[in-house]
Every structure is written in C-alpha cells, then in structure tokens.
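S.K.: Residue 193 in my numbering sits at position 192 of the sequence shown, with consecutive numbering throughout.
Idealized CB from N, CA, C, for every residue including glycine.
What you are looking at is a predicted structure, and each value in this text was computed from that prediction instead of being measured.
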Amino acid sequence: MNAGVQRLLWIDRNVANLDRAVAFYCDALGFQVERDTKATPQAWRNVPRIGTRPTRSARLSLGAQKIALSEFPSATPYPTGATSADLWFQHCAIVVDDMGAAYARWLGYGGGVAISRDGPQHLPPTSGSVTAFKFRDPDGHPLELISFPSEGENSIRPPQGNDVALGIDHTAISVSNTDRSIAFYQRLGFEISSRGVNRGPEQQCLDDLAEVEVDVIALRPANVQTPHLELLGYRIPQGRKCPNPGVCDISADRMVLQTQNLSNLLDTLRHAHVAHITTESTGVTPSTLVALLSDPDGHWLVLIE
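Structure representation (structure tokens):
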C-alpha cells in the first residue's frame, strides 16, 4: 500500500476575525462559503498537545479547491516587515483568466495591502511568461493572482457563476535549503514537475525587493495537477527564520494533506530524522487519523488518513 501523500486537500489559515476574513475572501476574490463549522472542529484541532483551540472556523471553496479559516482572536499577529524571502512565507496562488478585472476587483474592495510594486507584473519566458500580482489579506497572509499565457498551461476551469477567479493553482513556501526541502517532500510522496530560477526587474517588482534570485521548484503528488506545492529558495536576499513558530499564530498556515497509510509514513519520516512531529501518536476524530508535523523550515503540515 502506498504510504505517501495522495493530494493537497486544502490550506488552513489562522485569522483574528473570522467574519472580516470570510468577507475578504468572498467579496474580493470570489470564494464561496462551503461550510461553517462553529461547533465541529477541523481534524487538526484534535491532535494532542497543540494548545489553544480556535473559537470558530469556516471552509471556503473556489471551484474545486478549498481553504479553511480558523479564528484565534488573541493570536500573535503576522510579523511586521515580512517579505517573500522570509521563511514563514506561504502564499496561495489564485488563477484568473482576466488579470485586469481581477486586479480591479481587488482594488475596489480595498481590504488588502499590495506586496507587488506597480500592479501586476508580466514575467519573462525564463520565469514562465505568467502575469502575477502579490498582496496580503486583512491578517497579513500573502496571496497571489496569477494569469497564464494560454489555456493550455492552465488545468483549472472556471467554477460556475464566477468569471474572474478560477481556482487555486498552488501554495508556495520559502525554504532555506532547496535540496533538503526537496528530499523531505519526496519522502512524503511528492514528485518534481518543474524547476527554474526567477530573477530580473519584473521579479523585483513582484516581490518588492531590491534584488531577487529565487529557485522555484514545483512539486506534486503523483497524478495530481492542482493544487500543487512550490518551493521558493531565495538565493538573494536571504530569508529570516520565523520569530513566531506556534501552530496557533496568525502566520502558521497548514497544508492539509491526504495520505493512505499514515502510520507507515510517520515511521518513514522518523527513521529518516527529517520531520519535526509534534505528536508521537496520531490524533483521532471519528473514523479519521490525524498527525501534525512541520517541515525542516517550520512550515506546518497536517496529515489525514
């Protein structure tokens, strides 16, 4: 039986005010509330020894992809002065078919802060020829609007009733050592689907950094297109370590991953000494096994069988 990750189910984000966050994701970005779970906890909350429980949460969908928002009113805020190179950085890239309309919608809502300078940036062929724009939600989490040069390079199709945002293409995390992170995620069952180096004035404007040279490695479980994972290894500038590594802090995004044999996968990771497993025993919800761990740079993962 395959013990590796089968797919990325959703990204779980901590927020200080659930109503404000839901309004932003729905009104500015086109998400739909799928389920409001004020009474029923998400699976990761039942993992032993994580500490504070959120007061409320909501599941949102954009086409076939999902995010979850978990409310922690007194959580440590997102670090100030953060950049894309910092090692707590994790964004969700939202595919749009009309960047001008999507950018205008975000501007019109007025509830977020731009990361990118001078609006959307058209990257050169060496960086994929995509048009992209980075920004933050009201809690400081980074997001990206991304438009592909042709339909053939985009496997996401428009959800019914939404003609701007199509879905979530990937989540990207900044890492300090790309080889180490690739090895870690390959042990989880991810495969490299592409890699390159982004640099130049367009990337500098996209990240709002004076100089940029960043390795971009796309990883995905076998036979899964979206959403996938991207590793961002900034050669220039060097990223800072996260000052607030707690799983309940606002900056602590969690990738929620489906696996077929959780016990075997955890044994593999322990024997390789490559994972920081918060719980030595899986947390149990009705008919669900769950484990909470972090990758070599402290990005949180939830594994669900």
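Could you check if Ile237 is buried or exposed, using at least 16 other CB atoms within 10 Å of its CB as the buried criterion?
M.R.: The count along the sequence shown starts at 1 and reaches residue 237 at position 236. Ile237 is exposed by the Cβ-count criterion.
S.K.: Considering Cα atoms alone, identify which of His171, Phe32 and Ala86 is closest to Ala211.
M.R.: On the sequence shown, residue 211 is found 210 positions in, with the first residue counted as 1. Looking at the Cα atoms, Ala86 is the closest of the given residues.
S.K.: Return the chain-ordered list of same chain residues with a C-beta closer than 6 Å to the C-beta of Ala102, the five sequence neighbours on each side being excluded.
M.R.: Numbered from 1 along the sequence shown, position 101 holds the residue referred to as residue 102. The residues are Val165.
S.K.: What span of residues does the alpha helix (DSSP H) with Ala59 cover, start to end?
M.R.: As a working mapping, residue 59 is identified with position 58 in the sequence shown. Unbroken run through Ala59 is the beta strand (DSSP E), Ser58 to Leu63; no alpha helix (DSSP H).
S.K.: Counting Cβ pairs, one atom from each stretch, are 3 or more of them under 8 Å apart for the region 208 to 224 and the region 11 to 26?
M.R.: Verdict: no, contact absent.
S.K.: When burial is assigned at 16 or more other CB atoms within 10 Å of the CB, is His272 buried or exposed?
M.R.: Taking the first residue of the sequence shown as 1, we reach residue 272 at position 271. So His272 ends up on the exposed side.
S.K.: Specify, as a first and last residue, the run of the alpha helix (DSSP H) that His307 falls within.
M.R.: Shown here, the chain extends from 2 to 306; a query on residue 307 therefore has no answer.
S.K.: Are three or more beta carbon pairs between the region 71 to 78 and the region 116 to 128 nearer than 8 Å?
M.R.: Flag = no, the region 71 to 78 and the region 116 to 128 do not touch.
S.K.: Excluding five sequence neighbours on each side, which residues of the same chain lie with their C-beta closer than 7 Å to the C-beta of Ser175?
M.R.: Stepping through the sequence shown from its first residue, residue 175 is reached at position 174. These residues qualify, in order along the chain: Ser85, Ala86, Asp87, Leu88, Phe90, Leu233, Tyr235 and Gly240.
S.K.: Please list, in chain order, all residues of the same chain as Arg221 whose beta carbon is under 6 Å from its beta carbon, the five residues on each side excluded.
M.R.: In the sequence shown, residue 221 corresponds to position 220, counting from 1. Around Arg221: Ser194 and His229.
S.K.: CB Leu167 to CB Ile95, shorter than 9 Å?
M.R.: Within the sequence shown, numbered from 1, the residue matching residue 167 stands at position 166. Within the sequence shown, numbered from 1, the residue matching residue 95 stands at position 94. Taking 9 Å as the Cβ cut-off, Leu167 and Ile95 qualify as a contacting pair.
S.K.: Using CA atoms only, rank isn't needed, just tell me which of Asp296, Ala69, Gly31 and Ala83 is closest to Tyr110.
M.R.: As a first step, residue 110 is located in the sequence shown; it is residue number 109 there, counting from the start. Per the Cα distances, Gly31.
S.K.: Check the DSSP bridge columns for Gly234 and list the partner residues they point to.
M.R.: Position 233 of the sequence shown, counted from the first residue, corresponds to residue 234. DSSP output for Gly234 lists Asp216 as bridge partner(s).
S.K.: In terms of residue numbering, what span does the beta strand (DSSP E) encompassing Thr172 cover?
M.R.: Position 171 of the sequence shown, counting from 1, holds the residue named residue 172. From DSSP, the beta strand (DSSP E) with Thr172 extends over Ala166 to Ser175.
S.K.: Provide the residue(s) that pair with Trp107 in DSSP beta bridges, ordered along the chain.
M.R.: As a working note, residue 107 is residue 106 in the sequence shown. According to DSSP, Trp107 bridges with nothing at all.
S.K.: Measure from the alpha carbon of Gly201 to the alpha carbon of each residue in Glu214, Leu258 and Phe191, then state which is nearest.
M.R.: Numbered from 1 along the sequence shown, position 200 holds the residue referred to as residue 201. It is Glu214.
S.K.: Have a look at Gly197, Ala69 and Thr260 and flag the residue whose alpha-carbon is nearest the alpha-carbon of Cys27.
M.R.: The residue labelled residue 27 in the question sits at position 26 within the sequence shown. That would be Ala69, whose Cα lies nearest to the Cα of Cys27.
S.K.: In or out: Arg255 buried (at least 16 other Cβ within 10 Å) or exposed?
M.R.: Counting from one through the sequence shown, the residue named residue 255 turns up at place 254. Result: buried.
S.K.: Could you give the first and the last residue of the continuous beta strand (DSSP E) run that contains Ser194?
M.R.: Translated into the one-based positions of the sequence shown, residue 194 becomes position 193. Looking at the DSSP string, the run of the beta strand (DSSP E) that includes Ser194 is Phe191 to Arg200.
S.K.: Asp296: buried (16+ other C-beta within 10 angstroms of its C-beta) or exposed?
M.R.: Stepping through the sequence shown from its first residue, residue 296 is reached at position 295. Buried, since its Cβ has 16 or more Cβ neighbours within 10 Å.
S.K.: Please look up how many angstroms separate the CB atoms of Ile305 and Val291, rounded, as I've assumed it's under 8 Å.
M.R.: Against the sequence shown, residue 305 aligns to sequence position 304. Against the sequence shown, residue 291 aligns to sequence position 290. Yes, Ile305 and Val291 are in contact; Cβ-Cβ is about 5 Å, under 8 Å.
S.K.: Can Gln226 and Gly5 be called in contact, C-beta distance under 9 Å?
M.R.: On the sequence shown, position 225 is the one that residue 226 refers to. On the sequence shown, position 4 is the one that residue 5 refers to. No, the pair does not count as a contact, with Cβ atoms beyond the cut-off.
S.K.: Just mark His274 as buried or exposed, buried being the case when its beta carbon has 16 or more other beta carbons within 10 Å.
M.R.: Here residue 274 is taken as the residue at index 273 of the sequence shown, counted from 1. Exposed: under 16 other Cβ atoms inside 10 Å.
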